[in-house]
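Step one of this worksheet: look at the structure below.
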Amino acid sequence: MQDADGLNLGIQWANKNAGMTQFTNSGLPISTAIAGANQYNKDGTISSSLASALGSFNGIAAGFYQGNWAMLLTALSSSTKNDILATPSIVTLDNMQATFNVGQEVPVLTGSQTTSGDNIFNTVERKTVGIKLKVKPQINEGDAVLLEIEQEVSSVADSASSTSSDLGATFNTRTVNNAVLVGSGETVVVGGLLDKTVTDTADKVPLLGDIPVIGALFRSDSKKVSKRNLMLFIRPTIIRDRDEYRQASSGQYTAFNNAQTKQRGKESSEASLSNDLLHIYPQQETQAFRQVSAAIDAFNLGGRP
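In terms of numbering that gives the first Met the number 0, the sequence shown opens at residue 0 and continues consecutively.
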């Protein structure tokens with residue numbers, strides 16, 4: 000889960016003869032607003048620079064122009080909430096590592112050179128970004144399972160928050176490497192991370208911006224609060240025979256089918272057809288199913304698959 004709240008308030012002043020106060024964190028420079036307002040008063044058209052500035056500005060902007068004085072008030076409040084839930088599921092044999100990877104290949108610039116003909120030659124490598132899970136189970140007495148876990152959650156950082164845009168992409172990575180002992184069918188919290196970042200920015204006129212109450216007229220304040228909460232849960236289940244394997248497989252299919260049915264709002268007749276397919280599904284033994292079933296049978300007989 001990731002939440003972000005921001006607040007930006009600022010006042011900018013300008014005088015035709017004395018100069019101006021301009022703050023970059025406001026998102027709308029007063030110099031651009033004044034130039035566009037002057038042109039609009041002359042011929043009734045909005046300048047391209049003013050149109051571009053207004054198009055990229057979020058929030059409310061109010062301007063006052065009287066005589067030689069101009070004032071621009073800007074205000075913006077933002078709130079962002081992201082809730083990402085990933086539920087990977089994987090089947091493996093005892094003491095065999097399983098790997099689960101869901102993501103995308105992101106091109107990363109690793110080198111650049113210019114040839115004699117002034118042609119630029121770039122070298123690019125691809126980095127996997129997404130969710131990676133490696134788990135190695137070891138079954139012990141009493142249905143206890145020892146799990147060696149490696150999990151990584153990665154993403155490409157926002158270009159706005161990246162400080163090395165000239166050097167290539169920046170990646171956000173959160174990794175957990177540990178070993179836990181848990182009973183079959185029990186859920187354990189592998190790890191958790193709560194990250195909170197508070198950023199306060201104040202652009203102000205020296206001395207005037209520090210005056211109580213009226214100092215707000217000569218200051219532009221920006222505050223951003225970001226919270227990220229990462230929780231990892233894992234639940235191992237020992238599959239002893241073919242029936243339990245069929246039950247686990249059909250359970251995953253049922254959950255997927257119900258989610259799809261609810262999302263698309265299917266009619267009852269279509270849901271009935273899906274239920275009929277559910278009864279057929281466990282009987283369709285794919286090659287992977289036969290391999291796992293053979294391994295289980297061999298294990299029960301004390302042999303090797």
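We treat Cβ as the ideally placed atom computed from N, Cα and C, and that holds for glycine. The model shown is predicted, which means the values in this text are computed figures rather than measured ones.
Could you check where the beta strand (DSSP E) with residue i kicks off and where it finishes?
i: Val134; result: 119-138
i: Met70; result: 68-81
i: Asn177; result: 170-182
i: Ser111; result: 97-113
i: Ile148; result: 143-155
For a test of the three-state rule: what should DSSP assign to residue i, helix, strand or coil?
i: Ile59; result: strand
i: Ser248; result: helix
i: Leu207; result: helix
i: Asp199; result: strand
i: Thr260; result: helix
i: Glu185; result: coil
i: Gly116; result: coil
i: Ala13; result: strand
i: Asp194; result: strand
i: Asp93; result: coil
Give me, in chain order, the residues of the same chain whose beta-carbon lies closer than 6 Å to that of residue i; leave out the 5 immediate sequence neighbours on both sides.
i: Ile119; result: Thr113
i: Gly184; result: Thr236
i: Leu6; result: Ser76, Lys222
i: Gln137; result: Asn94, Leu145
i: Thr198; result: Lys223
i: Thr174; result: Glu151
i: Leu207; result: Phe217
For residue i, collect the residues of the same chain with a Cβ closer than 7 Å to its Cβ; drop the 5 residues on either side in sequence, then sort them by chain order.
i: Thr86; result: none
i: Glu269; result: The predicted model places Glu269 with a pLDDT of 49, which falls under 50 and marks its position as unreliable; any figure quoted below should be read in that light. Around Glu269: no qualifying Cβ.
i: Pro281; result: Unreliable placement is indicated for Pro281, whose pLDDT of 46 sits below 50; the coordinate value is still reported in the next sentence. The answer, listed in chain order, is Arg245, Ser248, Ser249.
i: Ile130; result: Ala85, Pro87, Val101, Gly102, Val152
i: Ser78; result: Asp4
i: Lys80; result: Asp2
Return the chain-ordered list of same chain residues with a C-beta closer than 8 Å to the C-beta of residue i, the five sequence neighbours on each side being excluded.
i: Val155; result: Val105, Val128, Ala168, Thr169, Phe170, Asn171
i: Leu180; result: Asn139, Ala143, Val144, Leu145, Leu146
i: Arg125; result: Glu104, Val105, Pro106, Val107
For residue i, which option in the options has the closest C-alpha, if you only look at C-alpha atoms?
i: Glu244; options: Thr91, Asp2, Val212; result: In the sequence on display, residue 244 carries Tyr and not Glu. Among Thr91, Asp2, Val212, the Cα nearest to that of Tyr244 belongs to Thr91.
i: Gln150; options: Gly208, Lys261, Thr98; result: Thr98
i: Thr196; options: Val224, Gln11, Pro211, Ile213; result: Val224
i: Val187; options: Leu71, Ile59, Ala178; result: Ala178
i: Arg218; options: Phe232, Asn228, Met230, Ala201; result: Ala201
i: Gly182; options: Val175, Lys80, Gly141, Asn81; result: Gly141
i: Phe232; options: Asp209, Leu72, Ile148; result: Ile148
i: Asn228; options: Ile89, Leu193, Thr260; result: Leu193
Pick out the complete beta strand (DSSP E) segments inside the stretch 216-240, 3 residues or longer, and give them in chain order.
Annotation note: the stretch 216-240 contains the following uninterrupted beta strand (DSSP E) runs of length 3 or greater, listed N- to C-terminal: 218-233.
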